[in-house]
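Visitor: What the sequence shown shows, in our numbering, is residues 2 to 355, in sequence order.
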Amino acid sequence: MSASAELRLERVSKRYDGVTAVDDVSFAVPPGSYVVLLGPSGSGKTTVLSMLGGFTSPTEGRVFIGADDVTAMPPALRPTATVFQDYALFPHLSVAGNVGFGLSVRGMAKRAIAGRVDEALRLVGLDGFGPRAIGATSGGQRQRIALARALVTEPALLLLDEPLGALDLRLRRQMQDELRRIQRSQARTFVHVTHDQEEAMAIADLVVIMNRGRIEDMGPPDRVYERPRTRFSANFLGESTVLEGTVAKAADGRLAVDTPCGRLVVEGNRARGDSVAIALRPEAVRFGVAGPGEQALGVLRITGQVFQGSFLRVTGTGASGFTLLAKVAPHTVPASSDPAPIAVRDSGLILLED
Ligand code: ADP
Ligand code: MG
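Here you go:
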């Protein structure tokens, strides 16, 4: 099997008439990573993937796979394979015909193709499905066939565009595990596009968060979730309360910030008088008087509660009129409708960059 390659984008932009689809994007990925490009519809994910696959050429910037500058290289010469969102299977070919298509185009001998096709079908859990007609397969099976067709060519880089978008929730969860298992077993680099943040959290080694053609943040799932860098990330990856404030004191990498919830201390470096924004993770908030490692947020009048299984999603209004979101265990919510004190863990207060 060919070695997996490092992937690198250097200041890549793609402009169409009047539309900047991708705006000065740079990132580098270590070999064997599962990368997820995460962002809302129209944020430029497919365009980035398409520039990796060679279907779209950048207006500016360069694309490297391993040591090679592939910016101007046509798709067929790149060490990449793509699983398209609609699978793009050939309805007139059998399952085996579809999976082996790329190999027969390359002129590989029939017997060798058959062996490789069987192996790829086994890998995706479709052992023995080779002779079947595409019309006689389910949506979930077609997703696996498309994956087998891409894997059979042993690409250094596998590109997947919303590959699970057409599947129901249960199958999607199952396929997330399978994709992860296959990627691990082969130690290839996968680049997977999705708008589903839970999917990104579940499978990625590295999440690249895109918004309006730019990278908002990039890092391991736990870091980008727990310590969002920007307002956009703080709200796209789960919900946050964002508090606007003014730096009252700055010393030793810590700031005292005056906010509608009172004076809060966060880690960060800014100057006194600066306007800043602080994200508050709803899981870090609880009802009660602040104890060690916590800060008081004043009192909250609860305005809404939604039961979400293991926790309650509570919205409320503070004395100075700010609204706040908390996700707390059901038995911890005060029974009385009087405003109740709330506190936040120190680590749940995050200074945003924008
Ligand atoms: P995503 O995959 O995140 O939904 P896309 O990469 O498909 O986003 O698109 C990013 C932006 O670029 C969108 O505004 C889209 O309309 C625009 N765009 C994409 N492809 C083209 C094209 N071929 N011509 C003009 N605009 C395009
Ligand atoms: Mg897309």
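Built from N, CA and C at the ideal position, the CB exists for glycine as well. Just so it is clear, the structure is predicted and the values come from calculations on it, not from any experiment.
(1) Between the alpha carbons of P59 and Q86, how many angstroms are there, rounded?
(2) Just checking, does the region 45-61 make contact with the region 106-114 on the three C-beta pairs under 8 Å criterion?
(3) Do three or more CB pairs link the region 247-259 to the region 295-309 at distances below 8 Å?
(4) Just curious, the beta strand (DSSP E) that A25 is in, first and last residue?
(5) Quick one: what's Y35 bridged to in DSSP?
(6) Would the C-beta of D275 count as close to the ligand MG, meaning under 7 Å from any of its heavy atoms?
(7) For M211, list the residues DSSP reports as bridge partners.
(8) Are I351 and P229 closer than 8 Å when you measure CB to CB?
(9) Buried or exposed: where does V106 fall if 16 or more other Cβ atoms within 10 Å of its Cβ makes it buried?
(10) From which residue to which residue does the beta strand (DSSP E) around A257 run?
(11) Applying the 10 Å Cβ sphere with the 16-neighbour rule, what's the burial state of N270?
(12) Would H193 be called buried (16 or more neighbouring beta carbons within 10 Å of its own) or exposed?
(13) Have a look at T316, A147 and A252 and flag the residue whose alpha-carbon is nearest the alpha-carbon of F288.
(14) Hey, would you say D206 sits closer than 8 Å to Y35, going by beta carbons?
(15) Helix, strand or coil for T72, going by three-state DSSP, please let me know.
(16) Tell me the rounded alpha-carbon separation between S337 and L353.
(17) Following a CB-centred definition, is T48 positioned closer than 7 Å to any heavy atom of the ligand ADP?
(18) Where are the beta strand (DSSP E) runs, 3 residues long or more, that stay fully inside the region 136-186, in chain order?
(19) Where does the unbroken alpha helix (DSSP H) through G246 begin, and where does it stop?
(20) Which residues in the same chain have their Cβ closer than 7 Å to the Cβ of R346, if we skip the five residues on either side of it in sequence?
(21) Roughly how many angstroms lie between the CA atoms of A137 and L10, to the nearest whole one?
(22) Determine the direct distance from the alpha carbon of M74 to that of N99, and round the result to whole angstroms.
(23) Thinking R143 and Y88 are a contact (beta carbons under 8 Å), I'd like their distance in whole angstroms, please.
(24) Does the region 178-189 touch the region 214-225, meaning 3 or more C-beta pairs lie closer than 8 Å?
(25) Return helix, strand or coil for S348, following the three-state DSSP convention.
(26) Who pairs with R264 in a beta bridge, going by DSSP?
(27) Out of curiosity, what's the CA-to-CA distance linking V334 and F233?
(28) Any heavy atom of the ligand ADP closer than 7 Å to the beta-carbon of A82?
(29) When you compare each of D162, I135 and V153 to L39 by their alpha carbons, which one comes out closest?
(30) Is it true that the CB of P76 sits closer than 8 Å to the CB of I66?
(31) Check whether the Cβ of D178 lies closer than 7 Å to any heavy atom of the ligand MG, and answer yes or no.
(32) Since G54 and L160 are thought to touch, with beta carbons under 8 Å apart, how far apart are those beta carbons, to the nearest angstrom?
(33) Locate the beta strand (DSSP E) running through V13, then write down its first and last residues.
(34) Looking at the strands, I want to know which residues DSSP matches up with K362.
(35) Let's see if you can read the secondary structure: which residues bound the alpha helix (DSSP H) around E295?
Guide: So, to answer that:
(1) Numbered from its first residue, the sequence shown carries residue 59 at position 58. Numbered from its first residue, the sequence shown carries residue 86 at position 85. Those two C-alpha atoms are separated by around 21 Å.
(2) no
(3) no
(4) The count along the sequence shown starts at 1 and reaches residue 25 at position 24. In the sequence on display, residue 25 carries Asp and not Ala. Its beta strand (DSSP E) spans residues V20 to V30.
(5) Stepping through the sequence shown from its first residue, residue 35 is reached at position 34. Answer by DSSP bridge pairing, in chain order: F191.
(6) As a first step, residue 275 must be located in the sequence shown, where it is residue number 274. No; taking the cut-off as 7 Å, the Cβ of D275 has no heavy atom of the ligand MG nearer than that.
(7) On the sequence shown, residue 211 is found 210 positions in, with the first residue counted as 1. The partner list for M211 (beta bridge, DSSP) reads I216.
(8) Indexing the sequence shown from 1 puts residue 351 at position 350. Indexing the sequence shown from 1 puts residue 229 at position 228. Yes.
(9) Stepping through the sequence shown from its first residue, residue 106 is reached at position 105. So V106 counts as exposed.
(10) As a working mapping, residue 257 is identified with position 256 in the sequence shown. Start and end: R255 to T260.
(11) Working through the sequence shown from its first residue, we reach residue 270 at position 269. Classification for N270: exposed.
(12) Stepping through the sequence shown from its first residue, residue 193 is reached at position 192. By the neighbour-count rule (16 or more Cβ atoms within 10 Å), H193 is buried.
(13) Translated into the one-based positions of the sequence shown, residue 288 becomes position 287. For the residues T316, A147 and A252, the minimum Cα distance to F288 belongs to T316.
(14) As a working note, residue 206 is residue 205 in the sequence shown. As a working note, residue 35 is residue 34 in the sequence shown. Yes, these two residues count as a Cβ contact at 8 Å.
(15) Locating residue 72 in the sequence shown gives position 71, where the first residue counts as 1. Three-state DSSP puts T72 in coil, outside helix and strand.
(16) Locating residue 337 in the sequence shown gives position 336, counting from the first residue. Locating residue 353 in the sequence shown gives position 352, counting from the first residue. Cα to Cα, the separation comes out at about 34 Å.
(17) On the sequence shown, position 47 is the one that residue 48 refers to. Under cutoff, so the answer is yes.
(18) 158-162
(19) Working through the sequence shown from its first residue, we reach residue 246 at position 245. It is not in any alpha helix (DSSP H) - G246 instead sits in the beta strand (DSSP E) that spans T242 to A252.
(20) For the purposes of this step, residue 346 is taken as the residue at position 345 of the sequence shown. Excluding positions up to five away in sequence, the list reads A285, G294 and E295.
(21) Counting from 1 along the sequence shown, the entry for residue 137 is found at position 136. Counting from 1 along the sequence shown, the entry for residue 10 is found at position 9. Computed Cα separation, rounded: 41 Å.
(22) Residue mapping note: residue 99 aligns to position 98 of the sequence shown, counting from 1. Residue mapping note: residue 74 aligns to position 73 of the sequence shown, counting from 1. About 25 Å.
(23) By one-based count along the sequence shown, residue 143 stands at place 142. By one-based count along the sequence shown, residue 88 stands at place 87. Right, their Cβ atoms sit about 5 Å apart.
(24) no
(25) As a first step, residue 348 must be located in the sequence shown, where it is residue number 347. In the structure shown, S348 sits in a helix (DSSP, three-state: H, G or I).
(26) The sequence position of residue 264 within the sequence shown is 263, counting from 1. According to DSSP, R264 bridges with D259.
(27) Taking the sequence shown and counting its residues from 1, one reaches residue 334 at position 333. Taking the sequence shown and counting its residues from 1, one reaches residue 233 at position 232. Spanning the two alpha carbons is a distance of roughly 29 Å.
(28) Start at 1 with the first residue of the sequence shown, and residue 82 comes out as number 81. False, no ligand heavy atom lies under 7 Å from that Cβ.
(29) Along the sequence shown, read from residue 1 onward, the residue named residue 39 stands at position 38. Nearest of D162, I135 and V153 to L39, Cα basis: D162.
(30) Numbered from its first residue, the sequence shown carries residue 66 at position 65. Numbered from its first residue, the sequence shown carries residue 76 at position 75. The answer is no: Cβ separation not under 8 Å.
(31) The sequence position of residue 178 within the sequence shown is 177, counting from 1. For the ligand MG, not one heavy atom lies less than 7 Å from the Cβ of D178.
(32) Residue mapping note: residue 54 aligns to position 53 of the sequence shown, counting from 1. Residue mapping note: residue 160 aligns to position 159 of the sequence shown, counting from 1. So it is a contact: roughly 5 Å between Cβ atoms.
(33) In the sequence shown, counting from the first residue as 1, residue 13 sits at position 12. V13 -> beta strand (DSSP E) spans L8 to Y17.
(34) The requested residue 362 is not part of the displayed model; the chain covers only 2 to 355.
(35) As a position in the sequence shown, residue 295 is number 294, starting the count at 1. Per DSSP, E295 belongs to no alpha helix (DSSP H); it is in the beta strand (DSSP E), E295 to Q309.
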